[in-house]
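Enquirer: Letter by letter, the sequence shown follows residues 9 to 476 in this note's numbering.
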Amino acid sequence: MSKAVRTVIRGGLVVDRRGYRAEDVSIAAGVVAAITSDFEPDASDIEIDARHKIVMPAFVDPHTHLRVPGGEEAETLASGTRAAALGGYAAVFAMPNTEPALDSPVRISQLLNAAAALPVRVLCAASITRDRAGVELAPFYGLRQVGVRVVTDDGSGLQDAHLMRRALEYCSELGIVVAQHAEVEALFRKGVMNEGQLSARLGVGGIPASAEEVMVARDIELARAAGARIHFLHLSTARSAELVARAKAEGVAVSAEVTPHHLTMTEDLLGGYDSRFKVNPPLRARVDVDGLWEHLGLGTFDVIGTDHAPHPMWKKNAPLDQAAFGMLGLQHSIAALWSEIPQVVARGRVAVATPDAVRATINDLGSDYLDPEELAWLWQILSMMSWKPAELIGLGSGFVGDIMPGSTANLLVFDPLANREVTLGSIASKARNSPYLGRTLRGQVVDLFVEGRRLVADGSLIEEGNWI
Ligand SMILES: [Zn+2]
9 MSKAVRTVIR GGLVVDRRGY RAEDVSIAAG VVAAITSDFE PDASDIEIDA RHKIVMPAFV
69 DPHTHLRVPG GEEAETLASG TRAAALGGYA AVFAMPNTEP ALDSPVRISQ LLNAAAALPV
129 RVLCAASITR DRAGVELAPF YGLRQVGVRV VTDDGSGLQD AHLMRRALEY CSELGIVVAQ
189 HAEVEALFRK GVMNEGQLSA RLGVGGIPAS AEEVMVARDI ELARAAGARI HFLHLSTARS
249 AELVARAKAE GVAVSAEVTP HHLTMTEDLL GGYDSRFKVN PPLRARVDVD GLWEHLGLGT
309 FDVIGTDHAP HPMWKKNAPL DQAAFGMLGL QHSIAALWSE IPQVVARGRV AVATPDAVRA
369 TINDLGSDYL DPEELAWLWQ ILSMMSWKPA ELIGLGSGFV GDIMPGSTAN LLVFDPLANR
429 EVTLGSIASK ARNSPYLGRT LRGQVVDLFV EGRRLVADGS LIEEGNWI
């Protein structure tokens with residue numbers, strides 16, 4: 009009888025929902041087998057040298073555009089999940105703005121069945137309205153029967169306040185979360201970027217911050233009146249975050265998402281009419297980015313979603329006013345955020361409200377190569393990229409954010425000191441519209457385990473035939 013292969017991750021800094029500690033981790037038969045600082049070596053062990061690296065729970069993306077069905081020119085289930093794996097994601101949550109839209113139990117089941125054999129878990133939302141047309145509600149009861157936990161018309165906001173009210177009421181009864189892409193379409197026309205001095209100077213249409221904030225305010229009030237839960241996707245302005253913070257303080261059941269690109273880039277990147285930076289909601293001004301970080305530190309946001317939006321080249325290589333909205337996000341999300349943190353700490357204008365128990369574990373480390381303040385921010389970001397999105401989309405027991413004996417081995421090894429240039433050749437997505445192309449980012453996911461299976465080794469995908 010062959011002995012189960014054991015993988016030992018040695019010498020790393022482990023972080024999970026309880027905090028940081030220097031420990032070795034062994035994986036066998038799909039679970040974390042043991043945690044210790046002193047393993048007895050075994051000749052059959054696979055050993056990973058994790059010195060100066062960080063071992064953490066694998067990521068969960070609550071906002072991925074996989075483009076299936078209908079958009080396979082931009083992305084396929086295979087290419088999208090490869091990009092996810094390289095970014096450290098063990099699970100992705102696909103948005104329903106496909107062609108046709110995911111608005112019925114049959115279409116949901118078809119996608120889930122097509123994705124069932126993939127090494128990265130794929131779940132999906134359904135649309136709020138039929139054909140995502142904003143006119144008639146989707147069949148929520150039937151959708152719930154096939155496991156739908158979240159509905160959204162993402163790609164656009166649900167404009168009709170009466171329909172939104174009904175959706176909140178029905179979904180509340182069924183235990184479904186309504187997620188809104190908050191944007192009042194009547195407040196702009198042919199907008200391509202943030203409305204402000206720069207859009208005026210460039211002579212292109214602007215999307216005002218108020219287009220988002222007015223719908224956030226409306227839906228908070230609708231959720232309050234219905235006693236229902238509301239989730240806001242990809243909030244981009246400081247004022248939106250303030251509205252959410254206030255609603256939370258008043259006891260409204262509201263949660264919110266923020267994206268890596270809104271945290272790390274400003275509208276200034278559009279100064280050269282580069283359509284790679286055209287995204288919806290648009291990249292905003294510096295004051296908004298600072299406000300998003302302030303509220304991330306305060307805990308106003310619940311999850312970080314990539315809004316990974318692949319497009320074929322011909323849709324992006326067009327004049328700014330005609331190019332498609334959206335940018336790739338899965339593969340470089342943690343590196344983009346980790347690259348930004350030193351500047352957030354250096355600016356010193358915002359602080360992170362780390363739980364005392366977690367802060368104590370950072371103080372105990374005395375790490376000589378990592379800044380304690382950066383580790384505090386990293387823990388906050390990890391919570392929003394791992395166990396909190398898992399809870400939102402209804403992933404089960406394997407995604408609770410613990411690395412301890414018996415927990416499912418959904419975890420990754422992150423090299424915080426790596427500096428890697430993002431090149432065309434390194435992009436795993438079928439599309440190429442990465443906003444990070446040509447930039448050198450700090451940090452890299454070097455290993456990923458999903459249910460104990462090693463999908464990424466030394467920063468590269470392991471091909472299917474070589475999985476153990
Ligand atoms: Zn959206």
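Backbone N, C-alpha and C fix where the C-beta goes; we use that ideal spot for every residue, glycine too.
Being a predicted model, the structure only gives us computed values, none of them experimental.
What would DSSP say about L469, mapped onto helix, strand or coil?
Expert: strand
Enquirer: How would the residue list near ligand 1 read, in chain order, if you kept each one whose beta-carbon is closer than 5 angstroms to any heavy atom?
Expert: In chain order, the hits are D162 and H189.
Enquirer: Rank L166, G299, D364 and T72 by C-alpha distance to the C-alpha of R355 and give the top, closest one.
Expert: G299
Enquirer: Less than 6 angstroms between C-beta atoms, sequence neighbours within five positions excluded: which residues of the same chain meet that for A261?
Expert: R237
Enquirer: Less than 8 angstroms separating the beta-carbons of A264 and L243?
Expert: Between A264 and L243, the C-beta gap is smaller than 8 angstroms, which places the two residues in contact.
Enquirer: Using the DSSP secondary-structure output, state which residues sit across from D24 in a beta bridge.
Expert: G27
Enquirer: Kindly indicate which three-state DSSP category R18 falls into: helix, strand or coil?
Expert: strand
Enquirer: Out of D111, P290 and P413, which one is the CA nearest neighbour of A161?
Expert: Note that residue 161 is Asp in the sequence shown, not Ala. Ranking the options by Cα distance to D161, first place goes to D111.
Enquirer: With a CB to CB cut of under 7 angstroms and the five nearest residues on each side skipped, what residues in its chain are close to A42?
Expert: Only S34 and P413 meet the Cβ criterion.
Enquirer: Less than 7 angstroms between C-beta atoms, sequence neighbours within five positions excluded: which residues of the same chain meet that for S218?
Expert: For S218, the CB contacts under 7 angstroms within the same chain, skipping 5 residues up- and downstream, are L195 in chain order.
Enquirer: Are there 16 or more other CB atoms within 10 angstroms of the CB of L432, so buried, or fewer, so exposed?
Expert: exposed
Enquirer: With a threshold of 8 angstroms, are at least 3 pairs of Cβ atoms found where one atom belongs to the segment 270 to 283 and the other to the segment 174 to 186?
Expert: no
Enquirer: For A380, which residues from the same chain have a beta carbon less than 6 angstroms from its beta carbon, with the 5 sequence-adjacent residues on both sides left out?
Expert: This sequence places Pro at residue 380; Ala is not what is there. The residues are I370.
Enquirer: Which residues bound the alpha helix (DSSP H) around F67?
Expert: Looking at the DSSP string, F67 is not in any alpha helix (DSSP H); the run it does join, the beta strand (DSSP E), is F67 to T72.
Enquirer: To which residues of the same chain is M321 closer than 7 angstroms at the C-beta, ignoring the five residues directly before and after it?
Expert: R440
Enquirer: Mark S96 as exposed unless 16 or more other C-beta atoms lie within 10 angstroms of its C-beta, in which case mark it buried.
Expert: The question names Ser, but residue 96 is Gly in the sequence shown. Flag for G96 reads buried.
Enquirer: Under 8 angstroms: do the segment 403 to 423 and the segment 54 to 74 share three or more Cβ pairs, one atom per stretch?
Expert: yes
Enquirer: Applying the 10 Å Cβ sphere with the 16-neighbour rule, what's the burial state of M9?
Expert: Note on M9: pLDDT 39, under 50, position unreliable in the model; the coordinate value appears next. So M9 ends up on the exposed side.
Enquirer: Give a yes or no on whether the C-beta atoms belonging to V458 and A102 are separated by under 8 angstroms.
Expert: no
Enquirer: What's the gap between the Cα of I136 and the Cα of I401?
Expert: I136 and I401: Cα-Cα distance of roughly 16 angstroms.
Enquirer: Are there 16 or more other CB atoms within 10 angstroms of the CB of R294, so buried, or fewer, so exposed?
Expert: exposed
Enquirer: Run the CB neighbour count on K438, radius 10 Å, all protein chains shown included, and call it buried at 16 or more, exposed below.
Expert: buried
Enquirer: Where does V430 land, buried or exposed, given buried means 16+ other C-beta within 10 angstroms?
Expert: buried
Enquirer: Between the segment 305 to 315 and the segment 67 to 74, are three or more C-beta pairs nearer than 8 angstroms?
Expert: Yes, the segment 305 to 315 touches the segment 67 to 74.
Enquirer: Exposed or buried, which one is S45 when buried takes at least 16 other CB atoms within 10 Å?
Expert: exposed
Enquirer: Start and end of the beta strand (DSSP E) containing P424?
Expert: L419 to E429
Enquirer: May I ask you to report which of helix, strand or coil DSSP gives E302?
Expert: helix
Enquirer: On the DSSP bridge assignment, give the partners of S34 in chain order.
Expert: V16 and A42
Enquirer: Roughly how many angstroms separate the alpha carbons of L336 and E48, rounded to a whole number?
Expert: 43 angstroms
Enquirer: Just list the beta strand (DSSP E) runs in the segment 178 to 235, keeping only unbroken ones of 3 residues or longer that don't cross its boundaries, in chain order.
Expert: 185 to 188
Enquirer: What is the DSSP secondary structure of L345, reduced to helix, strand or coil?
Expert: helix
Enquirer: Which of the three DSSP states is assigned to V159 in this structure?
Expert: Three-state result, V159: strand.
Enquirer: Return the CA-CA distance between V156 and C132, expressed in angstroms with no decimal places.
Expert: 7 angstroms
Enquirer: Excluding the 5 residues preceding and the 5 following T15 in the sequence, name in chain order all residues of the same chain whose CB lies nearer than 6 angstroms to its CB.
Expert: I35 and I54
Enquirer: With a threshold of 7 angstroms on Cβ separation, who are the neighbours of A465 within its own chain once the five nearest residues in sequence on each side are excluded?
Expert: If the five residues before and after A465 are omitted, its C-beta is found closer than 7 angstroms to the C-beta atoms of D455, all from its own chain and listed in chain order.
Enquirer: Could you check the C-alpha separation between E302 and V266 for me, to the nearest Å?
Expert: Roughly 12 angstroms separates the two Cα atoms.
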